[in-house]
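Read the structure below first, then the notes.
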Ligand code: SF4
Ligand code: SF4
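Chains as they are written, first to last, in this note's numbering: chain V, 754 to 1296; chain B, 13 to 378.
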C-alpha cells in the first residue's frame, strides 16, 4: 500500500471532476482529442472481473487490463468544465461535474497572481432583475402597438450642444445652421463592445464584424462595433464598412501604427473613436494579452514582437492624465477633421460622477460620449484578484451620472452608455431598457456576443480560460486548429438573430409605456420590489 | 379625461360662450371644475389694456399680503374688479373667499418690453410664493389684457356663482381658452387646472404626456418660471415658452421640438441638419403619449396641434366673426350651428393650425 502524500494534487482538489463511464465508452478517443487543456488522458486500468458462463454457477475470476479515460490531477491542466468532451462523445460516456470541495483557489498561487478570463465570479448580483417596468399605460393613456406603430430606437453618439448654443441663424422664417457643430450620429442603442483582435481570434472578430455590417446593410439597424485595442485589418480600414466601426485607442496604442498609415486610403470616416481609460472587469489595471495569444498576424496588426502585451493602466502624459486625455481627445477629433465623434470609456468607479462632471463642463465640448463599464464586464485576461475584487456595479453609476447632469440641466449633452453585465442572463433587451429608463442613452455589450458565437464560459467558474490561448470554442485563441472550430457564418447569424429579437423586445417594452422614442431618464416607468434599490435609484418601491 | 376648447372672435364674447362650447362635451370632462384665460379684454377692462392685470383667488389675509408686496414694490393700483358672487344655496363650488382682478401701473423706470416681461413674471412668482407659504391663496396670471379664473366644482354652478350667465357686458374678451375639469389624475390642486399661463402664453392640453418626468427634469433648470409641475400638461406650455420666447424660434419649430419627425423622415429633408440638431439638443422636451393642445400666443394668435400618432382628436371650425377649437365637434355645433361644416379642420398628426387676428386659419405641415 502506498503512503498518502497529502500535498500532492488530487482530482478532488480541482473545480471540475470528470465522470467517465467505462461501460459506455467505446474508446473512440474523441474526448481526449477535443480537450484543449490536456485535462483527460487515456490510461490502462487493471480490473478484476468474475464471470459465470455455464448453466450452473461456475465463477471464473480474471484480471484484465482495460483502457479508460482518466482526469489529470494537475492544477495547470485542471478541467475547466467546458464540456467539449461531453459534446463530442457519441455514447454520453463522459461529462464534467462541478466540485463543491475544490481547493484550487487556495492552491494555485505558487507562480504569482492567478490569471483568467470571463467575468467576475463573486459579484454576479443582478440589480436589474429587482426592477420591473411597472408604469403601464392603461385606459386614458393607451399603450402603443409594438407591431403597428413606428418606433425611433436611436441613441445620439457625439457631443450634443444645448439649444441656446446652436449656431442658428434665421432666414425667411427658417432656421439655418450658421456654423459647424460637433458631429453627432444617431446609432442603435446597442454597441458591440471592444474586444480586440488578439483577445479574440480573427475568425471570432470577423463573425462579430460581419454581424455588425449585416445589421447595418440589410436590417437597417445602425449598430456600431468598437474595434477593441488591437487595431483592425487594413482591408476593413480601407473599406466602406469602416463607418460602422468605432476605433479604439487605449494606453498601449496597439494597432495605431497601421490605422494612421491607412488614414490616407480611407474611403469613409470611421463611426467614432473611443478612448479607453479603463475597463470594468479590471479597473485600474491595463490591458493584457499573454504571449500565448500573440500569434504572427496579431504581431502584424499591432506592430509588436511575440511577447506578453501589457497596456499601462494610464495614458501617460507630461503633466497629468487629464492633460493627456484632453490632448488625445483633441488630436483624435482633429485626426478626422472634427467629423467623427470621440468618446471615452472608463471603468465604473466611486468617482465616475466627478469624471462625468468634468467632461460635461469642459469648455471645448470635445467629448462625444461617456461609456461606463461596470464590474460585471468581461475580459480576455486579467488577474483574478482584479476580476473578483475590484470594480463597481453599473446600474447605480449610470443613474448617479444621469442625475448629476440633470442637476445642472446638462442631461443628454454627453450621451451615456452603460455596460458590464448587460444581457448576463440572456435578456439584453430588458436590461438595456431598464438602463435607458435610468438615464443611459444606450448600452454596450461584449461577453454575450461571444456567448452567442459559442463561448461556454459563465460566472460560476465554467471555462474562463480566455487568457490561455486554448479556448475550446475557437473564439479566444490564435491556434489555427482551434479557430477552425468556429463557424463564422453561423456565429454571425446567431448574433444578427439575437439583435433582431432584441429590437422586437425593446418595442415590446416601449409600447406598454406609450413611448415611440427611447425613454431615456424615464425612471417613472420603473418600480422595484427592493426598497434599498428603489431608494438608491429614486424609483417607486412596490410590493 | 379632459376636453378643451377655445374661441377667437372679432367681436368680444362673454365667458358663457365658452361654457356653451364646453358643456355639450361634458361626458368627456367630468365637470369637476372650470378654468379659463381671457385675452384681449373689453367691458370693464377696456381702458386698461396696456396695464398688467393680476388674477387672484385668496383669503382676506392673502389679499393683505399681496397688497403689501405690491405697495412695497411700487406697483400703483389703477382699477379693480371684485366679482360679487351669487351665493345661491346648493351650488357645487369650493369657492375661495375673494377673487380679485386688479390693474396696476408699472413701477417707474421699467420701460422696456423685456424689463416689464421679466418684472411681471418675477412679481407673480413672488406673490405665488408668499401665498403658498401662508396658505392664503392663488395667483394665476399677472399680465396686461389677460384674465384668469379657475375654480373647483360644477362648471355650471361656478358660472352661476360668478354670474357668468348674465352676459351683462362687463366681462368680455376676443380670445377665450377654457376647460371644465380639475385634475382627475392627481391631487385636486387649483394650480393643476389648465389653462396655464406664462408671460403671454396660454395653454390647455387634453391627454397625457408620458415624457413628463423627462420634460420636468429638464425644464426645471431651463427657466425660473418653469415651476409647479402639478400637471403633465404644464410641460407643453413651458416648451412653447422656451421655443418661442427664450430661443425666439418661429412657431413651426415648436412642433419639431415636441413631436420630432422620425429620423428616417428627417434624413429625406433639405433642412435635416437643423431638424436633427433640434431633435438632439431638445430631446428632453419631446412629448410622447396621446394629447392635443390649444395655445394662445402673446400677439393674440391661437393655435392647436396634436400628438404624432393622432391619438387625441381636436376640431376647428367657424365663420367670419368667430372661430373655435374644440375637443369634440358637438361643442362647435352648439355655438356655431350655422357655420360651413365642410370647412371644419381636423388637424393631422403633423400639423400646426393657427388662427391669426383676422381669423384667417393657416395650416403648417411639420
Ligand atoms: S470538460 Fe473540457 S476541460 Fe474538462 S475534460 Fe472535458 S474537454 Fe477537457
Ligand atoms: S469558451 Fe473560450 S471565450 Fe469562452 S470562456 Fe472559454 S476560453 Fe473564454
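Every residue, glycine too, gets a C-beta built ideally from N, C-alpha and C.
Remember, it's a predicted structure, so these values are computed and weren't measured experimentally.
With a beta-carbon spacing of about 6 angstroms, residue 302 (chain B) and residue 895 (chain V) fall inside the 8 angstroms limit used to define contacts. The C-beta of residue 301 (chain B) comes closer than 8 angstroms to at least one C-beta of chain V. For residue 1141 (chain V), the enclosing alpha helix (DSSP H) stretches over residues 1137-1142.
Here residue 909 (chain V) is bridged, per DSSP, to V:939. Taken in chain order, the unbroken stretches of alpha helix (DSSP H) that lie wholly in the region 1109-1160 of chain V and span 4 residues or more are 1137-1142. Considered as a whole, the region 236-314 of chain B harbours 303-308 as its complete beta strand (DSSP E) runs of no fewer than 3 residues, in chain order. Under the 8 angstroms criterion on CB atoms, residue 929 (chain V) is classed as interfacial with respect to chain B.
In terms of beta-carbon proximity, residue 338 (chain B) stays away from the interface with chain V, with every pair separated by 8 angstroms or more. Chain-ordered, the chain V residues with CB closer than 7 angstroms to the CB of residue 274 (chain B) read 903, 905.
Comparing C-alpha distances from residue 1120 (chain V) to each of V:1083, V:1101, V:799, V:1103 shows the shortest one belongs to V:1083. For the pair residue 57 (chain B) and residue 101 (chain B), the Cα-to-Cα distance works out to about 30 angstroms. Secondary-structure assignment with DSSP links residue 187 (chain B) through a beta bridge to B:20, B:51. For residue 46 (chain B) and residue 171 (chain B), the gap between their C-alpha atoms comes out near 8 angstroms. Counting the other CB atoms within 10 Å of its CB gives residue 278 (chain B) a total of 16 or more, which places it among the buried residues. The contact set of residue 934 (chain V) on chain B, defined by CB atoms closer than 7 angstroms, consists of 289 in chain order.
Scanning chain V for C-beta atoms nearer than 9 angstroms to the C-beta of residue 286 (chain B) yields 919, 921, 927, 928, 929, 930, reported in chain order. Residue nearest to residue 1049 (chain V) within the set V:877, V:1230, V:1112 is V:1230 (criterion: CA-CA distance). Taking the C-beta atoms as reference points, residue 832 (chain V) is found no nearer than 8 angstroms to residue 787 (chain V). In the three-state reduction of the DSSP assignment, residue 1007 (chain V) falls in the coil class, being assigned neither a helical nor a strand state. The C-beta separation of residue 1198 (chain V) from residue 963 (chain V) comes to about 17 angstroms, leaving the pair out of contact by the 8 angstroms criterion. Per the coordinates, the alpha-carbon of residue 827 (chain V) lies some 47 angstroms from the alpha-carbon of residue 994 (chain V).
Sixteen is the threshold: since fewer than 16 other Cβ atoms of the shown chains lie within 10 Å of the Cβ of residue 801 (chain V), the residue is exposed.
In this structure, V:1263 is the residue among V:981, V:1240, V:1263 with its C-alpha nearest to the C-alpha of residue 1185 (chain V). The region 16-31 of chain B makes contact with the region 323-335 of chain B: 3 or more CB pairs, one atom from each, lie closer than 8 angstroms.
By the neighbour-count criterion, in which a residue is buried when 16 or more other Cβ atoms sit within 10 angstroms of its Cβ, residue 1117 (chain V) is exposed.
Of all alpha-carbon atoms in V:981, V:858, V:940, the one lying nearest the alpha-carbon of residue 1008 (chain V) is that of V:981. When rounded, the separation of the alpha-carbon atoms in residue 226 (chain B) and residue 1277 (chain V) is 9 angstroms. For residue 155 (chain B), DSSP records a beta bridge to B:65. For residue 817 (chain V), the three-state secondary structure derived from DSSP is strand. Non-local C-beta neighbours of residue 334 (chain B) in its own chain, meaning closer than 6 angstroms and more than five positions away in sequence, comprise 21, ordered along the chain. The C-alpha of residue 1095 (chain V) lies about 9 angstroms from the C-alpha of residue 1024 (chain V). When DSSP states are grouped into helix, strand and coil, residue 324 (chain B) belongs to the coil group. In this structure, ligand 1 has no non-hydrogen atom nearer than 7 angstroms to the beta-carbon of residue 1130 (chain V). Looking at the backbone, the Cα of residue 192 (chain B) and that of residue 891 (chain V) are separated by about 23 angstroms. Judged by pairs of C-beta atoms under 8 angstroms, the region 1154-1161 of chain V does not touch the region 281-295 of chain B, as fewer than three such pairs exist.
As the crow flies, the alpha-carbon of residue 351 (chain B) is around 59 angstroms from that of residue 1284 (chain V).
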